[in-house]
Amino acid sequence: MSRTSGSRIVEETTLERERLEQLAARIEAGDERPSLEVRTPFTDEPVGSIPACTPDDVAGVVDRARSAQADWGRATVDQRAAILERVGDLVLNRRGELLDVVQLETGKSRHHALEEVLDVPLTCSYYASNGAAILADADRSGAMPLVSDATVTYDPVGVVGVISPWNYPLTLAMTDAIPALLAGNAVVCKPDERTSYIALALADLFEQAGLPEDLFQIVTGNGATVGPALLDEVDHVAFTGGTETGRTVAEQAGRNLIDCSLELGGKNPMLVLDDADTETAARGAAKGAFTNAGQLCLAPERIYVDERRYDGFVDAFVGATRRLECGLEFDYGPDVGSLIDGDHLDVVRGHVESAVADGASLLSGGRARPDIGPFCYEPTILTDVDPDSRVACEETFGPVVSVYPVSGVEEAIERANDSEYGLNASVWTSDRERGRAVARKIDCGTVCVNDPYTVGWAATDAPMGGFGDSGLGRRHGPEGLRRYVDTRTIATSRIGPLDAPPGVSPHWFARFMIGLTKVQRRLTRWLP
Ligand code: NDP
Numbered sequence: 001m002s003r004t005s006g007s008r009i010v011e012e013t014t015l016e017r018e019r020l021e022q023l024a025a026r027i028e029a030g031d032e033r034p035s036l037e038v039r040t041p042f043t044d045e046p047v048g049s050i051p052a053c054t055p056d057d058v059a060g061v062v063d064r065a066r067s068a069q070a071d072w073g074r075a076t077v078d079q080r081a082a083i084l085e086r087v088g089d090l091v092l093n094r095r096g097e098l099l100d101v102v103q104l105e106t107g108k109s110r111h112h113a114l115e116e117v118l119d120v121p122l123t124c125s126y127y128a129s130n131g132a133a134i135l136a137d138a139d140r141s142g143a144m145p146l147v148s149d150a151t152v153t154y155d156p157v158g159v160v161g162v163i164s165p166w167n168y169p170l171t172l173a174m175t176d177a178i179p180a181l182l183a184g185n186a187v188v189c190k191p192d193e194r195t196s197y198i199a200l201a202l203a204d205l206f207e208q209a210g211l212p213e214d215l216f217q218i219v220t221g222n223g224a225t226v227g228p229a230l231l232d233e234v235d236h237v238a239f240t241g242g243t244e245t246g247r248t249v250a251e252q253a254g255r256n257l258i259d260c261s262l263e264l265g266g267k268n269p270m271l272v273l274d275d276a277d278t279e280t281a282a283r284g285a286a287k288g289a290f291t292n293a294g295q296l297c298l299a300p301e302r303i304y305v306d307e308r309r310y311d312g313f314v315d316a317f318v319g320a321t322r323r324l325e326c327g328l329e330f331d332y333g334p335d336v337g338s339l340i341d342g343d344h345l346d347v348v349r350g351h352v353e354s355a356v357a358d359g360a361s362l363l364s365g366g367r368a369r370p371d372i373g374p375f376c377y378e379p380t381i382l383t384d385v386d387p388d389s390r391v392a393c394e395e396t397f398g399p400v401v402s403v404y405p406v407s408g409v410e411e412a413i414e415r416a417n418d419s420e421y422g423l424n425a426s427v428w429t430s431d432r433e434r435g436r437a438v439a440r441k442i443d444c445g446t447v448c449v450n451d452p453y454t455v456g457w458a459a460t461d462a463p464m465g466g467f468g469d470s471g472l473g474r475r476h477g478p479e480g481l482r483r484y485v486d487t488r489t490i491a492t493s494r495i496g497p498l499d500a501p502p503g504v505s506p507h508w509f510a511r512f513m514i515g516l517t518k519v520q521r522r523l524t525r526w527l528p
């Protein structure tokens with residue numbers, strides 16, 4: 001079924017082909033560059049094309065970014081914050097077009113596109129309000145009390161490369177780019193080739209907000225070409241994507257001796273304890289597992305339920321899942337949209353089919369829905385899953401979740417931690433203190449109590465990232481800003497060199513220093 005119509009890309013939107021062409025024209029690649037076709041998951045039809053940048057293009061873009069950064073780095077944090085607040089305002093005001101472009105490129109439901117749009121202004125306001133305090137010079141204890149002092153200063157690293165994936169193309173690019181800019185850096189962003197238009201639309205908004213030219217630029221094209229070229233030019237890379245690509249990025253960053261932050265995959269556990277309200281937990285499971293058709297790095301894919309709550313939870317979860325409406329509309333109707341493309345549909349279908357072949361039971365879903373859209377797949381619940389099957393061990397990144405009964409909280413914790421990943425987990429209980437105590441035993445960068453992921457992600461003041469194969473470094477909070485600065489310690493002596501004064505015997509000085517060290521250790525223990 002074709003939904004394209006005249007100059008409009010898809011009948012239900014106001015997006016015009018000309019607008020996408022205008023956005024692609026922001027990339028100043030030469031005419032002779034090959035281009036990459038962009039297709040929409042709504043219909044699998046081409047909607048436009050973007051230039052495939054070469055390594056030379058990337059080097060040119062970073063050069064311009066570096067020149068622009070010099071003045072930006074000298075601006076005050078408040079001057080930079082004012083522009084970022086304007087970006088937040090523009091994202092809210094221009095949300096109609098942003099929602100359409102996100103939906104067009106990803107096939108996600110409008111509700112889930114809205115989560116992205118609303119996240120960006122909050123991130124802008126958080127860093128705009130807190131950045132100056134986080135980046136202010138900090139006094140630290142000197143080498144010797146009264147005699148010396150130490151101050152730490154924070155300088156931008158220079159040019160930050162942001163490499164982002166297709167699943168949350170707006171949120172994930174901006175959540176890394178905003179603090180990088182606030183810290184005084186230039187940003188060059190490489191979006192996934194399937195979701196470049198939304199990144200280009202953001203570049204448009206930065207320009208309208210008054211960000212000086214060349215400080216936020218986009219390079220488009222294939223990751224295997226553009227990614228390494230970017231890594232060879234920038235001073236820090238903030239990468240979000242799969243664990244295997246993350247290892248490649250970390251290797252190259254290591255060789256180039258630049259810092260990197262890596263936000264990678266997960267196989268997130270959800271623990272339903274014996275005192276949990278099963279209806280609430282089931283609602284949370286349906287929201288967590290099927291948001292963005294399960295293409296969410298924080299989504300639960302393994303649910304461990306206390307055997308005393310198992311039947312009640314499973315009934316409620318199946319009921320909540322069957323009530324979800326799958327559909328493709330540029331409006332707030334359907335709950336679950338499409339997968340990104342046919343290759344990903346094959347992965348998701350393969351996980352389910354091999355689990356069923358290994359003896360798993362399907363309680364809900366388990367079918368592709370080409371009648372709704374070419375890559376749609378029903379929200380799927382599995383039980384009796386073989387612990388060695390792919391769906392039990394590998395990240396599915398689709399609307400598929402497995403439910404396992406456990407004998408109690410100790411087994412739930414043990415099985416939750418039996419994974420190479422450690423991104424996000426949730427604990428469900430009627431006793432929040434107990435939930436927090438269990439959370440401390442779970443090897444994940446975020447653990448939410450009585451919510452699947454939103455309370456963790458939306459706590460912008462708190463760091464977010466992964467243990468183990470789920471990544472390195474943290475985004476959000478002060479940690480998410482300080483990763484983009486070089487720290488410098490300025491230490492001052494009030495008495496000249498900290499050494500024996502002229503004429504003092506070395507033996508006397510050694511005794512003096514031993515005594516002083518003892519006093520200093522006591523003072524360090526007593527003083528705050
Ligand atoms: P990929 O790792 O395949 O791609 C991510 C980005 O890296 C894309 O822009 C891609 O470009 C680019 N890329 C590809 N090869 C290289 C390379 N050699 N060097 C540098 N960049 C490269 O991720 P997926 O598309 O599979 O995205 C889904 C994954 O992302 C899942 O595993 C998910 O869990 C994870 N993720 C993690 C999040 C977190 O915060 N922890 C959040 C969201 C997703 P292109 O595709 O254009 O080739």
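For the sequence shown, our numbering gives the first residue as 1, with consecutive numbering after it.
Even glycine gets a Cβ: it sits at the ideal position worked out from N, Cα and C.
Neighbourhood of residue i by C-beta, 7 Å cutoff - its chain only, sequence neighbours within 5 removed
| i | result |
| --- | --- |
| serine 35 | Ser49, Ile50, Pro51, Ala52 |
| lysine 287 | Pro452 |
| alanine 532 | Residue 532 lies beyond the residue range present for the chain, which begins at 1 and ends at 528; the question has no answer from this structure. |
| leucine 205 | Val87, Leu90, Val91, Arg94 |
| glycine 6 | Note that glycine 6 has pLDDT 49, beneath the 50 cutoff, so the model's placement of it is unreliable and no number is given. |
| arginine 494 | Val147, Ser148 |
| glutamine 103 | Arg110, Ala113, Phe330 |
Residue i beta carbon near ligand 1 (any heavy atom closer than 7 Å)
| i | result |
| --- | --- |
| aspartate 192 | yes |
| isoleucine 163 | yes |
| valine 249 | yes |
| leucine 264 | yes |
| alanine 572 | Past the edges of the chain, shown from 1 to 528, lies residue 572, and the structure says nothing about it. |
| glycine 580 | Because the chain spans 1 through 528 in this model, residue 580 falls outside it and cannot be assessed. |
| asparagine 537 | Nothing can be reported for residue 537: it is not among the residues displayed for the chain, which extend from 1 to 528. |
| tryptophan 166 | yes |
| leucine 172 | yes |
| threonine 240 | yes |
| leucine 423 | yes |
| glutamate 395 | yes |
| serine 470 | yes |
| cysteine 376 | no |
| glycine 466 | yes |
| cysteine 53 | no |
| proline 300 | no |
| proline 228 | yes |
| cysteine 297 | yes |
| threonine 460 | no |
Buried or exposed by the 16-neighbour rule on C-beta atoms within 10 Å, applied to residue i
| i | result |
| --- | --- |
| alanine 136 | exposed |
| glutamate 307 | exposed |
| threonine 245 | buried |
| valine 431 | The sequence given here places aspartate at residue 431; valine does not occur at that position. Exposed. |
| threonine 123 | buried |
| tyrosine 126 | buried |
| alanine 357 | exposed |
| threonine 517 | exposed |
| methionine 464 | buried |
| glutamate 263 | buried |
| glycine 210 | exposed |
Spatially closest choice to residue i from the options, by CA coordinates
| i | options | result |
| --- | --- | --- |
| histidine 344 | Val101, Pro41, Val87, Met174 | Pro41 |
| glutamate 193 | Ala209, Gly161, Leu215, Gly227 | Gly227 |
| glycine 365 | Asp358, Leu324, Asp388 | Leu324 |
| asparagine 222 | Arg33, Thr123, Arg86, Leu23 | Arg33 |
| tryptophan 72 | Arg521, Gly350, Pro212 | Pro212 |
| glutamate 395 | Leu231, Leu423, Gly408 | Leu423 |
| leucine 84 | Met270, Leu182, Arg64, Leu118 | Leu182 |
| aspartate 386 | Glu251, Ala437, Ala360 | Ala360 |
| alanine 203 | Pro55, Ala24, Pro405 | Ala24 |
Cut-off 8 Å between Cβ atoms - residues of its own chain near residue i, not counting five sequence neighbours on either side
| i | result |
| --- | --- |
| threonine 280 | Trp428, Asn450 |
| glycine 284 | Met270, Ser426, Trp428, Asn450, Asp451, Pro452 |
| methionine 1 | Low confidence applies here, because methionine 1 scores a pLDDT of 46, under 50, leaving its location unreliable; read the following figure in that light. Here the set comprises Thr43. |
| alanine 276 | Asp306, Arg309, Phe313, Trp428, Thr429, Ser430 |
Close Cβ partners of residue i (< 6 Å) along its chain, the five nearest in sequence each way excluded
| i | result |
| --- | --- |
| phenylalanine 509 | Ala500 |
| valine 120 | Val91, Met174 |
| alanine 550 | Outside the displayed span of the chain (1 to 528) sits residue 550, for which this structure offers no information. |
- Message: Going residue by residue through the segment 39-102, where are the continuous beta strand (DSSP E) segments of at least 3 residues, counting only ones entirely within it?
- Response: If we require 3 residues or more, the beta strand (DSSP E) runs fully inside the segment 39-102 come out as 45-51.
- Task: Run through the segment 203-265 for me and flag every whole beta strand (DSSP E) of 3 or more residues, listed as ranges in chain order.
- Result: Under the rule that a run must span 3 or more residues, the beta strand (DSSP E) segments found entirely inside the segment 203-265 read 216-218, 236-240, 259-263.
- Message: Going residue by residue through the segment 442-510, where are the continuous alpha helix (DSSP H) segments of at least 4 residues, counting only ones entirely within it?
- Response: If only complete runs of 4 or more residues are kept, the segment 442-510 shows the alpha helix (DSSP H) at 454-457, 477-482, in order along the chain.
- Going along the chain, which unbroken runs of the beta strand (DSSP E) with 3 or more residues stay wholly within the segment 266-302? Correct list: 268-272.
- Whole runs of the alpha helix (DSSP H) within the segment 97-169, excluding any shorter than 4 residues: Complete alpha helix (DSSP H) runs here, min 4: 110-135.
- Hey, which unbroken runs of the beta strand (DSSP E) at 3 residues or more fall wholly within the segment 349-426? Here the runs fully enclosed are 361-364, 380-383, 400-406.
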